[in-house]
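There are 2 protein chains.
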Amino acid sequence: MSEYLKNINSPADLKKLSLVQLPDLAAEIRETLLTRLMATGGHAGPNLGMVEATIALHYVFDSPADKFVFDVSHQCYVHKMLTGRKDGFTAPERHGAYSGYTNPSESEHDMFTVGHTATALSLATGLAKARDLKGESGNVVAIVGDGSMSGGEAFEGLNNASMLGSNFILLFNDNEIAIAPNFGGMYQNFAALRETDGTAECNFFKSFGMDYCYVSDGNDVQAMVEALQKVKGTDHPVVVHIHTEKGKGLSWNKENLEGSHFVMPGGSSLDDVMGSFESCGSIMAEHLLEKIKKDPTVIAITPATPGQSFLTTDFRKEAGRQFIDVGIAEEHAVAFASGLAKNGAKPVLCIVSSFLQRTFDQLLLDLSLDRSPATILVGNATINPGDATHCGIYDIAMQSSIPNLIGLAPTTKEEYLAMFDWALEQTNAPVVIREPSAVVSAGREVTFTDADLGCYEVAERGTKVAFIGLGNFFQLAGQAKTALKEKTGIEATVINPRIYSTLDEKMLESLKAEHEIVVTLEDGVLAGGFGQRIASFYGPSSMKVLNYGAAKEFRDRMPVEAQYQRDHLTSEQIVWDIEMCI
Amino acid sequence: MSEYLKNINSPADLKKLSLVQLPDLAAEIRETLLTRLMATGGHAGPNLGMVEATIALHYVFDSPADKFVFDVSHQCYVHKMLTGRKDGFTAPERHGAYSGYTNPSESEHDMFTVGHTATALSLATGLAKARDLKGESGNVVAIVGDGSMSGGEAFEGLNNASMLGSNFILLFNDNEIAIAPNFGGMYQNFAALRETDGTAECNFFKSFGMDYCYVSDGNDVQAMVEALQKVKGTDHPVVVHIHTEKGKGLSWNKENLEGSHFVMPGGSSLDDVMGSFESCGSIMAEHLLEKIKKDPTVIAITPATPGQSFLTTDFRKEAGRQFIDVGIAEEHAVAFASGLAKNGAKPVLCIVSSFLQRTFDQLLLDLSLDRSPATILVGNATINPGDATHCGIYDIAMQSSIPNLIGLAPTTKEEYLAMFDWALEQTNAPVVIREPSAVVSAGREVTFTDADLGCYEVAERGTKVAFIGLGNFFQLAGQAKTALKEKTGIEATVINPRIYSTLDEKMLESLKAEHEIVVTLEDGVLAGGFGQRIASFYGPSSMKVLNYGAAKEFRDRMPVEAQYQRDHLTSEQIVWDIEMCI
Chain A
13 MSEYLKNINS PADLKKLSLV QLPDLAAEIR ETLLTRLMAT GGHAGPNLGM VEATIALHYV
73 FDSPADKFVF DVSHQCYVHK MLTGRKDGFT APERHGAYSG YTNPSESEHD MFTVGHTATA
133 LSLATGLAKA RDLKGESGNV VAIVGDGSMS GGEAFEGLNN ASMLGSNFIL LFNDNEIAIA
193 PNFGGMYQNF AALRETDGTA ECNFFKSFGM DYCYVSDGND VQAMVEALQK VKGTDHPVVV
253 HIHTEKGKGL SWNKENLEGS HFVMPGGSSL DDVMGSFESC GSIMAEHLLE KIKKDPTVIA
313 ITPATPGQSF LTTDFRKEAG RQFIDVGIAE EHAVAFASGL AKNGAKPVLC IVSSFLQRTF
373 DQLLLDLSLD RSPATILVGN ATINPGDATH CGIYDIAMQS SIPNLIGLAP TTKEEYLAMF
433 DWALEQTNAP VVIREPSAVV SAGREVTFTD ADLGCYEVAE RGTKVAFIGL GNFFQLAGQA
493 KTALKEKTGI EATVINPRIY STLDEKMLES LKAEHEIVVT LEDGVLAGGF GQRIASFYGP
553 SSMKVLNYGA AKEFRDRMPV EAQYQRDHLT SEQIVWDIEM CI
Chain B
13 MSEYLKNINS PADLKKLSLV QLPDLAAEIR ETLLTRLMAT GGHAGPNLGM VEATIALHYV
73 FDSPADKFVF DVSHQCYVHK MLTGRKDGFT APERHGAYSG YTNPSESEHD MFTVGHTATA
133 LSLATGLAKA RDLKGESGNV VAIVGDGSMS GGEAFEGLNN ASMLGSNFIL LFNDNEIAIA
193 PNFGGMYQNF AALRETDGTA ECNFFKSFGM DYCYVSDGND VQAMVEALQK VKGTDHPVVV
253 HIHTEKGKGL SWNKENLEGS HFVMPGGSSL DDVMGSFESC GSIMAEHLLE KIKKDPTVIA
313 ITPATPGQSF LTTDFRKEAG RQFIDVGIAE EHAVAFASGL AKNGAKPVLC IVSSFLQRTF
373 DQLLLDLSLD RSPATILVGN ATINPGDATH CGIYDIAMQS SIPNLIGLAP TTKEEYLAMF
433 DWALEQTNAP VVIREPSAVV SAGREVTFTD ADLGCYEVAE RGTKVAFIGL GNFFQLAGQA
493 KTALKEKTGI EATVINPRIY STLDEKMLES LKAEHEIVVT LEDGVLAGGF GQRIASFYGP
553 SSMKVLNYGA AKEFRDRMPV EAQYQRDHLT SEQIVWDIEM CI
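Listed in order, the protein sequences are those of chains A and B. In terms of the numbering used here, the first sequence opens at residue 13 and continues consecutively. In terms of the numbering used here, the second sequence opens at residue 13 and continues consecutively.
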């Protein structure tokens with residue numbers, strides 16, 4: 013194996029290599045990546061497929077004068093290796109040094125902090141237009157995978173990029189698969205373009221007014237260099253459509269393209285791991301499949317993240333036409349669910365919290381205004397140690413102002429299933445249910461009916477202090493109650509509100525009689541959330557209210573325990589605050 | 013003129029006419045529409061262009077068994093006339109009887125309450141898929157104007173509709189203009205299709221996998237009937253691309269296609285009216301143009317609503333390449349602004365409150381995470397008497413949880429301009445400014461600097477009660493203060509917070525010394541909004557807090573005064589509440 017990488021500390025070092033040395037460098041980088049991925053896990057598929065293209069980008073262009081915008085940016089590992097950050101891939105002790113996404117605070121070669129799909133075309137169009145306004149030159153390159161192309165923002169961006177009238181390059185990485193197999197009519201066109209070596213007359217990109225060229229083997233680094241050299245300095249928008257092999261180099265890749273998207277430490281696929289542990293997601297997937305088998309109108313929808321909702325390949329096979337992956341298209345997913353519900357089907361949209369963020373207007377107007385009875389299950393809706401782009405904390409606050417939309421936060425797996433059963437059969441309103449972040453058993457049968465909608469549940473009746481512990485933080489409420497008892501002797505009330513979209517005003521009113529302090533706990537951002545509505549309710553009274561939740565700030569890969577400390581989300585801190593308040 | 017319309021009370025009555033009678037009916041309906049539009053104003057262009065197509069739809073299909081989904085639905089007037097609601101167009105006393113959009117509560121022929129663009133394809137795909145799951149038959153028709161096609165949700169819907177594998181018809185109304193002239197690369201393809209009578213090989217719709225046919229004169233009702241008869245009962249998704257004349261029948265239409273989109277009572281165009289009165293929007297547009305002339309990096313962006321931001325044809329001409337209409341593409345608009353700001357330009361996105369709703373995730377991750385210093389001016393950000401889909405009340409609450417994003421609510425025109433000047437030149441964060449809903453003069457010079465960011469302004473210093481009147485409701489705070497003085501003798505404090513994204517904790521803390529009640533007032537929805545954060549701040553203290561704003565409920569065309577009454581947003585009601593609290 014070559015040893016070029018050790019001498020590459022910047023794109024300038026890469027340029028010292030001759031064209032014929034690049035294939036060896038590519039092999040070396042792929043090997044390095046594989047070693048690192050086996051050790052830490054990560055986005056294997058996207059990065060292994062982009063090794064040659066990324067080398068070619070830095071070989072041909074002059075970053076950061078020329079600007080690269082990676083879409084989603086989980087395919088940026090090789091870019092990081094070539095821009096002074098290879099230690100994060102070669103030195104085990106530095107494996108955690110860099111994020112898995114582009115990040116301007118790490119390097120001047122990273123233009124944006126990106127973690128959601130379909131944004132690169134719009135962001136890059138902005139960079140290019142600013143360049144033109146300033147009278148500057150230089151290339152702007154958006155690097156977009158085929159999966160991201162199905163997102164509305166990407167289409168909007170493409171439709172606008174094509175009108176720039178100046179330099180703009182879209183490097184379109186077509187690996188025939190996004191996370192799960194791609195879905196949507198345009199993928200037939202991409203296939204036709206691949207089959208005709210890019211010569212098919214009907215051309216998705218040309219229909220947007222883009223110039224176009226095709227590279228049949230995007231894993232041929234010399235072909236990539238040649239193609240990029242041709243478009244470098246273009247005076248108009250052009251697409252370089254490249255065909256690559258996702259997960260190239262991963263031995264089991266061909267049999268499991270989807271699994272190669274993200275591998276776990278040791279090299280197993282997410283799909284393998286999924287089967288090996290129980291979560292509320294896996295329990296729900298099994299339950300949902302039973303419903304699907306019994307009722308032909310039940311349909312499971314995922315916006316290209318079936319894995320995160322445990323909708324395994326087996327699930328999909330069994331569900332047949334009652335499963336649909338709409339591709340990365342969250343807005344469509346919500347409106348589609350509304351249409352399904354309106355016409356008598358029972359749609360179940362499985363989505364993670366941070367991607368639900370794409371759908372505020374759709375939740376408000378496409379779904380809730382007409383009270384379409386769709387069910388939305390929200391995964392990873394919890395303070396998590398992930399990237400700033402994948403926090404699971406915004407969904408409650410985002411829904412706060414939306415009329416008609418029922419928001420439920422179960423505390424146990426039994427409650428989750430009971431709420432789901434109720435939501436699926438009712439026909440009055442859309443329902444969002446936050447998936448519990450841990451498998452907690454109620455240890456008893458749990459029911460949920462229309463009558464439960466308006467009222468909070470008193471789990472333990474006490475006096476003086478009342479804890480309202482929403483969803484995942486119901487457990488914390490119990491712990492805080494115990495800690496308070498130990499420290500002060502106060503026997504507090506503990507309430508499971510279950511619903512976060514409305515206040516149980518009758519119960520809140522009744523608490524005034526024997527309570528002085530109400531403590532709210534929610535597993536989400538505090539500002540604009542559930543607890544503040546309760547604070548507002550008690551505003552005119554003498555009831556004191558303490559609201560707990562996540563602070564309004566971006567957090568990047570911060571351990572959960574550290575976040576809890578920061579937000580006073582430990583029973584010790586809560587009791588301390590209460591004592592200050594008494 | 014024919015007198016067919018009087019006998020048409022349902023689509024069944026329409027079907028009694030012979031094909032040769034339809035042109036006369038079209039003429040009669042157009043005449044009726046014009047009379048009504050002169051009297052009340054309304055969406056002239058979209059409806060006048062769709063007269064023949066709508067007649068043909070109801071002539072060929074069998075609504076409601078066959079289902080029509082109108083995109084935006086402001087082109088549904090003729091549909092309403094043919095489905096039992098013609099009194100709203102013929103009888104002056106019934107002119108206000110029906111909304112300007114489809115509404116299921118009015119008729120079984122209306123599938124959804126719709127007012128935003130680009131949703132029909134997804135909603136209709138849902139209807140069609142539910143039909144298939146239930147094993148039913150019938151046609152599903154999405155009726156989409158060319159302007160709506162630029163919205164991300166429409167692309168996502170098209171990409172998914174094409175995969176249905178069953179009956180689905182997209183009636184694509186191409187009138188060469190949306191609200192303002194269409195922008196985006198795909199419009200070149202539509203032009204090529206028009207020029208080749210639909211035969212161009214490169215075909216936007218076919219690239220999504222749709223079947224396709226073209227009708228060159230969509231205002232020829234017989235040609236339309238023929239075309240729709242051919243696709244009726246299709247077993248796969250098909251596009252009927254029709255070319256129509258927007259605003260057909262409006263005498264001044266050809267000279268002012270854009271103006272014909274919405275006419276005012278008397279028949280003048282919105283553009284004419286715009287020049288005739290002063291608003292904070294018009295003042296800002298003038299101010300913005302001055303900035304543009306002085307600084308080549310300042311750029312005004314509109315997502316297809318230049319009229320609503322007073323970016324008149326003259327403005328656009330003068331701004332040249334420093335103005336860009338990105339089409340109906342709000343998500344792109346925000347990410348584009350981020351890219352511009354990141355590369356040193358000074359983007360100013362002019363958007364109305366209800367369309368900003370499309371951009372929660374973009375505001376959060378594309379803009380605020382990287383602190384891109386773009387300026388966003390939000391128009392119609394106020395409780396208004398419009399349709400439920402066009403309320404201006406959600407933007408504050410939607411922003412509540414977004415870190416780094418600075419939200420400003422000026423109270424006077426001078427403050428608006430001062431805040432804008434500051435926002436434009438700072439490079440630290442994105443700034444959203446709510447345009448004041450009325451032209452109020454401060455009567456003095458107003459400045460705004462970095463130092464003003466963290467602190468609220470005390471306008472009048474008093475004791476016992478403090479009014480915090482945000483933006484448009486600062487005036488109301490003053491009125492309530494006066495009313496309180498008259499009734500109780502209390503000399504209250506009045507505060508202009510100016511910023512709604514952060515709390516001035518120092519000032520709020522200091523109020524505790526001499527105040528017992530804090531009253532917050534905001535021109536937006538209460539749940540998840542500004543005031544509740546203040547209630548939360550005071551939660552642990554003995555300060556009482558009264559929050560005022562709009563209730564969390566959909567309101568459709570409710571007069572503003574009635575809404576104020578309902579929300580206790582009058583000084584009498586506020587004083588009454590305060591007295592209850594003392």
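Even for Gly, the Cβ is constructed at its ideal location relative to N, Cα and C.
For C225(B), the three-state secondary structure derived from DSSP is strand.
In the structure shown, the three-state DSSP call for F367(A) is helix. Burial state of F80(B) is buried, judged by a 10 Å Cβ sphere holding 16 or more other Cβ atoms. Looking at the DSSP output, I586(B) bridges to nothing.
Cβ-Cβ distances below 7 Å link V537(B) to I405, Y406, A409, G561, A562, K564 in the same chain, with the five nearest sequence neighbours on each side left out; the list follows chain order. Under the 8 Å criterion on CB atoms, F167(A) is classed as interfacial with respect to chain B. Taking C-alpha positions only, A504(A) is separated from F124(B) by approximately 47 Å. Looking at the backbone, the Cα of V587(A) and that of P318(A) are separated by about 41 Å.
Under the three-state reduction of DSSP output, P23(A) falls in the helix class. Where H580(A) is concerned, there is no enclosing beta strand (DSSP E), because DSSP gives it neither an H nor an E. In the three-state reduction of the DSSP assignment, S350(A) falls in the helix class.
At a C-beta separation below 7 Å, R545(B) has these neighbours in chain A: A539, Q544. Judged by DSSP in its simplified three-state form, V243(B) adopts helix. A Cβ-Cβ distance of about 6 Å is found for the pair H344(B) and N172(A), placing them in contact under the 8 Å criterion.
Note that the C-beta distance between G351(A) and A142(B) is below 8 Å.
In chain order, R42, L60, G61, V63, N231 place their CB closer than 8 Å to the CB of K260(A), counting only its own chain and leaving out the 5 sequence neighbours on each side.
Considered as a whole, the stretch 86-133 of chain B harbours no complete run of any beta strand (DSSP E) with no fewer than 3 residues.
Contacts with chain B (Cβ-Cβ distance below 8 Å) from the stretch 201-214 of chain A involve N201, E213, C214, listed in chain order.
In terms of beta-carbon proximity, K476(B) stays away from the interface with chain A, with every pair separated by 8 Å or more. In this structure, DSSP gives G419(A) an extended state, which the three-state scheme calls strand. Around the Cβ of F195(B), a 10 Å sphere holds 16 or more other Cβ atoms; the residue is buried. Per DSSP, the beta-bridge partners of F479(B) are V506(B), V531(B). Assigned with DSSP and collapsed to three states, K524(B) falls in coil, not helix or strand. Using a Cβ distance threshold of 8 Å, L558(B) and I594(B) do not count as a contacting pair.
Per DSSP, the continuous beta strand (DSSP E) segment holding H255(B) begins and ends at 249-255.
Against chain A, a Cβ distance below 7 Å from L352(B) picks out G138, K141, A142. Here F289(B) is exposed, its C-beta having fewer than 16 other C-beta atoms within 10 Å. Taking a contact as a CB-CB distance under 8 Å, the pair H91(A) and H55(A) does not count as one, their CB atoms being some 13 Å apart. Chain order gives no chain B residues near Q487(A), where near means a beta carbon separation below 9 Å; the closest approach is about 23 Å.
Contact between the stretch 244-251 of chain A and the stretch 219-227 of chain A is established, with three or more Cβ pairs separated by less than 8 Å.
Listed by position along chain B, the residues whose Cβ is nearer than 9 Å to that of S554(A) are S554, K556.
Comparing C-alpha distances from Q487(B) to each of L533(B), V477(B), A297(B), S272(B) shows the shortest one belongs to L533(B).
Listed along chain B are S134, E165, E168, G169, N172, each with a C-beta nearer than 7 Å to that of H344(A). The beta-bridge partner set that DSSP reports for I511(A) consists of L420(A). Exposure of N19(A) is indicated by the presence of fewer than 16 other C-beta atoms within 10 angstroms of its C-beta.
In this model, A297(B) and D74(A) are separated by some 39 Å (Cα to Cα).
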